[in-house]
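S.K.:
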């Protein structure tokens with residue numbers, strides 16, 4: 010067993026301690042702008058603006074709205090530079106607005122072709138008069154002139170590059186998109202990428218490109234090659250990408266530009282729920298990695314989940330903060346830290362330079378019981394502080410089944426049949442995943458005051474049921490039509506054997522799809538994906554044609570036979586789908602709270618406050634206490650003591666007092682705001698803007714960006 014599985018401190022990092030700990034300080038965010046994703050390079054969702062404060066926040070009114078040319082889920086955290094707001098539409102068109110009025114300046118992209126992923130924003134870079142917007146659409150990264158929105162011809166191939174550049178040949182046709190803004194360091198941009206989560210995933214190599222030319226500058230292999238650190242934590246041929254992949258950064262990164270250190274959170278290796286083909290701890294999956302931003306050299310890392318078989322990706326960029334701890338002499342000592350939230354509900358906090366945990370982290374014994382051929386890692390890391398901001402499955406009892414469920418008795422019977430131990434492996438009986446597949450924390454991330462060490466994180470409290478089944482063998486599919494074979498191999502997990510989907514868990518029915526969509530639209534979605542559905546880029550033309558014919562009930566029995574996708578390795582087990590643990594009314598089967606908002610003092614590891622976050626209107630009307638709801642999108646905090654957040658299924662935008670969690674103001678948005686807001690000032694007036702696309706969690710569609718300001 011490798012001793013440094015959880016943490017490794019490179020000699021270069023130790024050298025930085027002596028030479029740079031006293032020299033550098035994190036620069037404060039610009040006072041009036043929101044120039045980067047989540048506010049700044051520290052990803053703290055923080056603004057020093059104070060015009061809107063506790064005393065006047067109740068006077069907020071709509072200042073302007075911008076109607077996108079399309080509608081649907083919008084997760085964008087817009088950036089604001091030099092009085093211009095840059096955002097992205099539901100169909101991934103980049104646009105620029107006058108940040109004071111919402112008037113459109115330019116828009117880029119063809120909305121009929123770019124619905125392959127959900128964007129979370131853009132990246133701005135400038136050098137003198139050369140000002141660029143870096144915009145990802147599908148597998149391509151565009152450099153746009155910030156003034157005109159036109160591609161910069163000198164970048165890559167007439168303004169764009171293929172983000173698959175530098176990957177091995179086997180990965181060149183595999184699914185890849187980027188839906189989180191890249192991170193700038195000097196003339197480099199590091200781009201997050203989203204991949205398949207199956208055995209056919211491309212490798213999640215971290216790569217930096219020259220922002221002027223588009224040329225690849227450095228690569229860090231997240232599935233190590235022979236001779237590289239961590240190589241022995243995978244089977245010897247894992248790096249060849251023939252049976253596993255991913256371990257990718259899709260959530261974005263944080264950067265300490267003074268020190269030149271990039272902080273990279275990674276996700277799991279494929280396949281998500283069965284690791285029999287990838288025996289080992291699987292570095293650098295599920296890691297927070299500190300890299301030299303100029304070279305891509307590893308300085309240190311910490312693995313937050315060994316041999317992940319629960320889809321416990323690190324879901325958001327870490328926060329770069331300064332905390333106060335007692336020094337060796339008992340006196341207060343300032344420490345520059347990096348804090349990483351997780352789906353598990355834990356916050357992992359480290360010295361930013363050395364990687365040393367600021368609170369002890371225990372390796373907890375994990376159950377050995379698993380599916381045949383699976384080898385769970387014997388221990389998993391659990392921080393001693395802070396406590397989890399979300400309930401854990403192993404703490405649930407029958408008393409935790411929802412008192413509001415009309416079918417509570419039957420839910421108790423189901424509950425008794427499921428596995429629920431801490432780190433219980435996926436099973437055929439069903440394993441409760443709580444926090445759920447979306448967390449705990451999710452891509453919205455946490456806000457933090459970079460100087461006082463207080464973190465604010467919203468959390469989901471939705472339990473999911475992970476159930477595994479035997480994968481049909483080729484011999485068992487001999488009587489299926491060609492299209493049904495492709496469907497059974499690639500689609501049945503989410504949409505079910507009868508194509509009925511699981512609407513309550515967010516997976517639509519494909520029954521009678523031909524009455525709602527044309528063949529061209531469905532064919533495009535199969536190839537490029539949509540929202541959280543990955544594209545199946547490795548299907549042959551015959552396979553795709555057969556699948557479309559099957560979905561439209563037009564497949565002829567005598568159609569030419571096709572095989573399943575050649576890049577998808579046979580695994581003995583597969584999930585029955587992403588199924589929420591719900592009652593007969595479609596509400597969570599466990600007792601409230603179903604969503605929370607938390608303030609955590611990272612100096613001490615103690616909670617300042619914790620409140621239910623969001624309301625279920627049907628229960629509210631009956632006079633029940635606030636239950637909280639599922640929520641997606643993060644908070645923003647300001648120096649004036651406010652916390653702004655939308656995120657909830659109920660479609661409201663709220664402002665809380667960050668000291669005590671008291672609600673100060675709320676309003677109903679035109680559609681739910683599943684995004685992180687931005688705040689900025691233009692001409693002396695402070696604005697707060699939120700993207701309102703709705704759609705997710707069954708909410709109504711919307712197409713507006715809404716900006717608020719004082720009257």
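Numbering (our numbering), first residue to last: 10 to 720. Beta carbons are placed, not taken as given, at the ideal position from N, Cα and C, and that holds for glycine.
(1) To the nearest angstrom, how far is the alpha carbon of residue 255 from that of residue 195?
(2) Just grab the DSSP bridge partners of residue 695 for me.
(3) May I have the straight-line CA-CA distance separating residue 291 from residue 244, to the nearest angstrom?
(4) Do you know how far the Cα of residue 509 is from the Cα of residue 561?
(5) Can you tell which of 622, 670, 600 has the C-alpha that lies nearest to the C-alpha of residue 414?
(6) Measure the Cβ-Cβ separation of residue 598 and residue 411 and say whether it is below 9 Å.
(7) Whole angstroms are fine: how far does the CA of residue 620 sit from the CA of residue 588?
(8) Could you check the C-alpha separation between residue 521 and residue 501 for me, to the nearest Å?
(9) From residue 721 to residue 478, what distance separates their C-alpha atoms?
(10) How should residue 627 be labelled, buried or exposed, when 16 other C-beta atoms within 10 angstroms of its C-beta is the threshold for buried?
(11) So residue 54 and residue 645 are supposed to be a Cβ contact under 8 Å. How far apart are they, rounded?
(12) Where does the unbroken alpha helix (DSSP H) through residue 491 begin, and where does it stop?
(13) Assuming the contact rule is C-beta atoms closer than 8 Å, residue 95 and residue 133 should be a hit. Round their C-beta distance to whole Å, please.
(14) Measuring CB to CB, does residue 57 end up less than 9 Å from residue 647?
(15) Using 8 Å for Cβ pairs, my map puts residue 42 next to residue 689. What's the rounded Cβ distance?
(16) Look up residue 639 in the DSSP assignment and say whether it is helix, strand or coil.
(17) Can you tell me whether residue 420 is buried or exposed, with buried defined as 16 or more other CB within 10 angstroms of its CB?
(18) Cα-Cα, which of 187, 289, 475 is closest to residue 257?
(19) Over the uninterrupted alpha helix (DSSP H) stretch that includes residue 630, give me the two end residues.
(20) Please state whether DSSP places residue 40 in a helix, a strand or coil.
(21) Thinking residue 326 and residue 261 are a contact (beta carbons under 8 Å), I'd like their distance in whole angstroms, please.
(22) Beta carbon of residue 724, beta carbon of residue 144: below 9 Å?
(23) At what residues does the beta strand (DSSP E) containing residue 468 begin and finish?
(24) For the beta strand (DSSP E) containing residue 307, list its first residue and its last residue.
(25) Hey, would you say residue 319 sits closer than 9 Å to residue 442, going by beta carbons?
(26) Just list the beta strand (DSSP E) runs in the stretch 340-384, keeping only unbroken ones of 3 residues or longer that don't cross its boundaries, in chain order.
(27) Taking C-alpha atoms, which residue in 613, 543, 475, 236 lies nearest to residue 380?
(28) Can you tell me whether DSSP reads residue 591 as helix, strand or coil?
(29) Could you name the residues of the same chain whose beta carbon sits closer than 7 Å to that of residue 446, not counting the 5 residues immediately before and after it, in chain order?
(30) Do residue 131 and residue 148 come within 9 Å of each other at the CB atom, strictly closer than that value?
(31) In this structure, how does DSSP classify residue 69 when only helix, strand and coil are distinguished?
(32) Taking residue 715 as part of the alpha helix (DSSP H), name the residues at either end of that continuous run.
(33) Helix, strand or coil for residue 332 per DSSP?
(34) Residue 587: beta carbon under 8 Å from a heavy atom of the ligand FAD?
(35) Do the CB positions of residue 229 and residue 221 come within less than 9 Å of each other?
(36) Are residue 669 and residue 468 close, meaning C-beta to C-beta below 9 Å?
M.R.: Reading off the structure:
(1) Whole-angstrom Cα-Cα distance: 27 Å.
(2) Paired residues: 690.
(3) Cα-Cα distance, rounded: 9 Å.
(4) Each residue's Cα considered, the two are about 14 Å apart.
(5) Of the listed residues, the one whose Cα sits closest to residue 414 is 600.
(6) Cβ distance < 9 Å, so residue 598 and residue 411 count as in contact.
(7) The alpha-carbon atoms of residue 588 and residue 620 are separated by roughly 26 Å.
(8) For the pair residue 521 and residue 501, the Cα-to-Cα distance works out to about 16 Å.
(9) What the structure shows of the chain is the stretch from 10 to 720, and residue 721 is not part of that stretch, so it cannot be assessed.
(10) In summary, residue 627 is exposed, with fewer than 16 beta-carbon neighbours lying within 10 Å of its beta-carbon over all protein chains present.
(11) Distance from residue 54 to residue 645 at the Cβ level is roughly 5 Å; contact confirmed, criterion being Cβ atoms closer than 8 Å.
(12) Taken as a continuous stretch (DSSP letters only), the alpha helix (DSSP H) holding residue 491 covers 491-499.
(13) 7 Å between Cβ atoms; contact.
(14) For residue 57 and residue 647, yes; Cβs fall inside 9 Å.
(15) In this structure residue 42 touches residue 689 by the C-beta definition: roughly 6 Å separates them, less than 8 Å.
(16) Residue state for residue 639 is assigned as coil, using DSSP reduced to three classes.
(17) Buried is the call here.
(18) Nearest option by C-alpha distance: 187.
(19) Start and end: 626-630.
(20) Looking at residue 40 - three-state DSSP - the assignment turns out to be coil, as it is neither helix nor strand.
(21) About 4 Å; that satisfies the 8 Å criterion.
(22) Outside the modelled stretch of the chain, which goes from 10 to 720, sits residue 724, for which no answer is possible.
(23) That run of the beta strand (DSSP E) goes 463-469.
(24) Taken as a continuous stretch (DSSP letters only), the beta strand (DSSP E) holding residue 307 covers 307-312.
(25) Residue 319 is a Cβ neighbour of residue 442, given a cutoff of 9 Å.
(26) Qualifying beta strand (DSSP E) stretches, in chain order: 341-350, 356-360, 370-374.
(27) Of the candidates 613, 543, 475, 236, the residue whose Cα lies closest to the Cα of residue 380 is 475.
(28) The answer is strand: DSSP assigns residue 591 an E or B state.
(29) The residues are 320, 473, 587.
(30) No, Cβ-Cβ distance for residue 148 and residue 131 is not below 9 Å.
(31) In the structure shown, residue 69 sits in a strand (DSSP, three-state: E or B).
(32) Residue 715 -> not in any alpha helix (DSSP H); beta strand (DSSP E) instead, spanning 710-719.
(33) Looking at residue 332 - three-state DSSP - the assignment turns out to be strand.
(34) Of ligands this structure carries none, so the ligand FAD is not represented either.
(35) Result no, Cβ atoms of residue 229 and residue 221 do not sit closer than 9 Å.
(36) No, Cβ-Cβ distance for residue 669 and residue 468 is not below 9 Å.
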